[in-house]
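Below: the structure, in structure tokens.
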């Protein structure tokens, strides 16, 4: 009887740990650049983006193994470009940088009204707002247990300052690092 009680307590502890004993990875935008400028045509927004995101594992005694992932750049709700994140491991209480080069996807078309508004904003203030989204499959692992999860990370309202010409580079306006919001899916 005592053995059953002890085994039950151990199993209960493992279940509680799996449900509540871990923290999601934390993300911050460190930089966002459009080094070769942004061309706004009558059908699309063409550019190359360089995104640098910090990812931190806040957990003690849990590693994070990233199995798959994608990072995308959005203007309003329109996906402009995306890139794959290669698998990697992130040890307990460690941080790393996810650096991605993204180029406008072939066949990316936006509504004319959105493009006219973007062109007007760039000509007036030189500032356009973008969003970065990260989708990632990862696994928490310790010496005894592991659990798989998926996370979607939103980094919104990223103000990028451009010059007024289509070849003028763009750079993130920031007073401090930009925190991102992650939700497990």
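In this note's numbering, the protein residues as written are 1008 to 1192. Quick reminder that beta carbons are idealized off the backbone N, C-alpha and C, glycines included. No experiment lies behind these values; they were computed from the predicted model shown.
Check	Outcome
CA-to-CA distance, residue 1041 to residue 1163, given in whole angstroms	17 Å
Selection from 1051, 1096, 1059, 1087 that minimises the alpha carbon distance to residue 1075	1096
Helix, strand or coil at residue 1192 according to DSSP, with G and I counted as helix	coil
Burial state of residue 1015, where buried means 16 or more other Cβ atoms lie within 10 Å	exposed
Residue 1159 versus 1050, 1090, 1139, 1011, residue with shortest Cα-Cα distance	1139
Cβ-Cβ separation, residue 1107 to residue 1061 (assumed contact under 8 Å), whole Å	Incorrect: roughly 13 Å between the Cβ atoms, too far for contact.
Completely contained alpha helix (DSSP H) runs for the stretch 1084-1126, where each covers 4 or more residues	none
Burial state of residue 1067, where buried means 16 or more other Cβ atoms lie within 10 Å	exposed
Environment of residue 1122 [buried if 16+ CB atoms lie within 10 Å]	buried
Reduced DSSP secondary structure (H/G/I, E/B, other) of residue 1064	coil
For residue 1172: DSSP bridge partner residues	Note: residue 1172 sits in no beta bridge, so no partner.
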